[in-house]
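Participant: Take this structure, written in structure tokens, and hold onto it; I'll ask about it next.
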Amino acid sequence: MSKDIGVESSATFPDEGYAPAKRAALRMGVIGYGYWGPNIVRNFHSQEGSTVVAVCDSRPKELGRVRHSYPGMVVTSDYRELLAAHDIDAIAVVTPVWTHYDLAKAALENGKHVFVEKPFTCTSAQAEELIELAERRKLKIMVDHTFLFTGAVRRIHELINDGTLGNLYYYDSTRVNLGLLQHDVNVLWDLAPHDLSIMNYLIQEKPQAVVATGEQHLNGLVDIAFLTIYYPDNIIGHVNVNWLSPVKMRTTLIGGERKMLVWNDLEADEKIKIYDKGVAINSGEARYQTLVSYRTGDMWAPRVEQVEALQIEAGYFVDCILNDKTPFNDGIAGLNVVRMLEAADQSLQQKGKIVQL
Ligand SMILES: NC(=O)c1ccc[n+]([C@@H]2O[C@H](COP(=O)([O-])OP(=O)(O)OC[C@H]3O[C@@H](n4cnc5c(N)ncnc54)[C@H](O)[C@@H]3O)[C@@H](O)[C@H]2O)c1
Numbered sequence: 189m190s191k192d193i194g195v196e197s198s199a200t201f202p203d204e205g206y207a208p209a210k211r212a213a214l215r216m217g218v219i220g221y222g223y224w225g226p227n228i229v230r231n232f233h234s235q236e237g238s239t240v241v242a243v244c245d246s247r248p249k250e251l252g253r254v255r256h257s258y259p260g261m262v263v264t265s266d267y268r269e270l271l272a273a274h275d276i277d278a279i280a281v282v283t284p285v286w287t288h289y290d291l292a293k294a295a296l297e298n299g300k301h302v303f304v305e306k307p308f309t310c311t312s313a314q315a316e317e318l319i320e321l322a323e324r325r326k327l328k329i330m331v332d333h334t335f336l337f338t339g340a341v342r343r344i345h346e347l348i349n350d351g352t353l354g355n356l357y358y359y360d361s362t363r364v365n366l367g368l369l370q371h372d373v374n375v376l377w378d379l380a381p382h383d384l385s386i387m388n389y390l391i392q393e394k395p396q397a398v399v400a401t402g403e404q405h406l407n408g409l410v411d412i413a414f415l416t417i418y419y420p421d422n423i424i425g426h427v428n429v430n431w432l433s434p435v436k437m438r439t440t441l442i443g444g445e446r447k448m449l450v451w452n453d454l455e456a457d458e459k460i461k462i463y464d465k466g467v468a469i470n471s472g473e474a475r476y477q478t479l480v481s482y483r484t485g486d487m488w489a490p491r492v493e494q495v496e497a498l499q500i501e502a503g504y505f506v507d508c509i510l511n512d513k514t515p516f517n518d519g520i521a522g523l524n525v526v527r528m529l530e531a532a533d534q535s536l537q538q539k540g541k542i543v544q545l
């Protein structure tokens, strides 16, 4: 039977007549309090427009951690209690990838909006089904592509949109470290969603084809992979993901016709450096007279906002729900990433055969 399990409901949501100045909190239930879940709970609970009503984890130890950090917060090992609760408007699914579809589907079927971790689902068919279900029930899905809310990515987005970089040539990312080896997904599904979501957001074109190579060495799952994505207009993306690297690297090169950029996410202060460097080719009158000129101008580091990305993303989720906006990192954005990952798996199995999207 349905019941309230947390705070009293006072929200006008989702009724009409919502007044932003006096808006009531969006009430969240969070499923999964392992590695990433505490960040989700902290950011939604500290948000002005939302409160976490209850947390679910199947492991008692994790529930003990919730109780320790949030005395008085409702905890349960049975996610169905969250789904049945009238005083929960939205569910955050922060569990392993293979559980996302079932939990998100159950949440939508129970009338809850869904904030779901990356990657959205294990297959594109599952993602399509969830998108259709959410549309039918007039509910929202947001996929946690956290990096889109970092100061660095937001700044790079501005630099592309205002024409600073000029037409894009490439996006080339190195995202490597030692571990954490996952047991349910390969390194592509673990690490590449970050870059794929960033590329789709920055390049704003539909990717056309994928090539992936990689190898497995330890637990039967590919632990090092190289992924190439072809976009229209000769824009090429490349991602190097690796769980067996002796050092952690988070470095992305973005080449544009007018400027080039290095984003080192491990830098504390100057995360982004813009280089006024480039190459121009001017053809002479005769066919053999090709003049190559290199431009090597200044380098500068633009200011990058240092606010925690999840804090901004949680606020955006609340805004989208309470003000009935479609998030740009919605189910479709999540589906696009899953499609690229599926194509990458296909290509991997065929030792780097090109797979059209
Ligand atoms: N956005 C990011 O930057 C980011 C970073 C890390 C992880 N993630 C994503 O977050 C998700 C979780 O990753 P993690 O590293 O926290 O995993 P984890 O294994 O550390 O934690 C998952 C938790 O979910 C619980 N759980 C699983 N199934 C459950 C169920 N049916 N009911 C209740 N509890 C259940 C487990 O007991 C566990 O405590 C993954 O999808 C991962 O890709 C995202």
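Take 189 as the starting number for the sequence shown in my numbering and just add one per residue. Beta carbons are placed, not taken as given, at the ideal position from N, Cα and C, and that holds for glycine.
Looking at the structure shown, is Cys508 part of a helix, part of a strand, or coil, going by DSSP?
Facilitator: It is helical.
Participant: Measure the Cβ-Cβ separation of Ala313 and Val398 and say whether it is below 8 Å.
Facilitator: No, these two residues do not count as a Cβ contact at 8 Å.
Participant: Beta-carbon within less than 6 Å of Leu454's beta-carbon, same chain only, minus the 5 sequence neighbours each way: which residues are those?
Facilitator: Hits under 6 Å: Arg438.
Participant: What runs of the beta strand (DSSP E), each 3 residues or longer, lie entirely inside the region 219-295?
Facilitator: Runs found: 238-244, 262-264 and 278-281.
Participant: What residue range is occupied by the uninterrupted alpha helix (DSSP H) comprising Gln537?
Facilitator: From DSSP, the alpha helix (DSSP H) with Gln537 extends over Gly519 to Gln537.
Participant: Between Pro395, Arg446, Pro434 and Ile219, which lies nearest to Tyr418 when the distance is taken from Cα to Cα?
Facilitator: Taking only the C-alpha atoms, the option nearest Tyr418 is Pro395.
Participant: With which residues is Ala547 paired in a DSSP beta bridge?
Facilitator: As shown, the chain starts at 189 and ends at 545. That puts residue 547 outside it, with no answer to give.
Participant: Below 7 Å, is the gap between the Cβ of Arg247 and the nearest heavy atom of ligand 1?
Facilitator: Under cutoff, so the answer is yes.
Participant: What are the residues that DSSP puts in a beta bridge with Trp431?
Facilitator: Trp431 is not bridged to any residue.
Participant: According to DSSP, is Gly443 part of a helix, a strand, or is it coil?
Facilitator: Looking at Gly443 - three-state DSSP - the assignment turns out to be strand.
Participant: Starting from the Cα of Gly252, find the closest Cα among Gly237, Gly220, Val364 and Thr239 and give me that residue.
Facilitator: It is Gly220 whose Cα lies nearest to the Cα of Gly252.
Participant: Return yes when at least one heavy atom of ligand 1 lies under 7 Å from the C-beta of Glu320, else no.
Facilitator: Outside the cutoff, so no.
Participant: Quick one: is the Cβ of Trp224 within less than 7 Å of any heavy atom of ligand 1?
Facilitator: Flag set: Cβ of Trp224 near ligand 1.
Participant: According to DSSP, is His345 helix, strand or coil?
Facilitator: Here His345 sits in helix by DSSP.
Participant: I want to see whether chain C comes within less than 8 Å of Ile391, judged by CB atoms only; does it?
Facilitator: Annotation note: the requested chain C is absent from the structure, which comprises a single protein chain.
Participant: Going by DSSP, what residue range makes up the alpha helix (DSSP H) through His382?
Facilitator: Note, His382: alpha helix (DSSP H), Val375 to Ile391.
Participant: Is there at least one non-hydrogen atom of ligand 1 closer than 7 Å to the beta-carbon of Thr239?
Facilitator: Incorrect: Thr239 has no Cβ contact closer than 7 Å to ligand 1.
Participant: Suppose contacts are defined by Cβ-Cβ distances below 8 Å. Is Tyr359 in contact with Leu336 by that definition?
Facilitator: Contact: no.
Participant: For the alpha helix (DSSP H) that Arg324 lies in, which residues bound it at each end?
Facilitator: Ser312 to Arg324 is the extent of the alpha helix (DSSP H) around Arg324.
Participant: Check the C-beta distance from Cys184 over to Tyr223 and give it rounded, since I have them as a contact under 8 Å.
Facilitator: Residue 184 lies beyond the residue range present for the chain, which begins at 189 and ends at 545; the question has no answer from this structure.
Participant: Would you call Tyr482 buried or exposed, if buried means 16 or more other Cβ atoms sit within 10 Å of its Cβ?
Facilitator: It counts as exposed.
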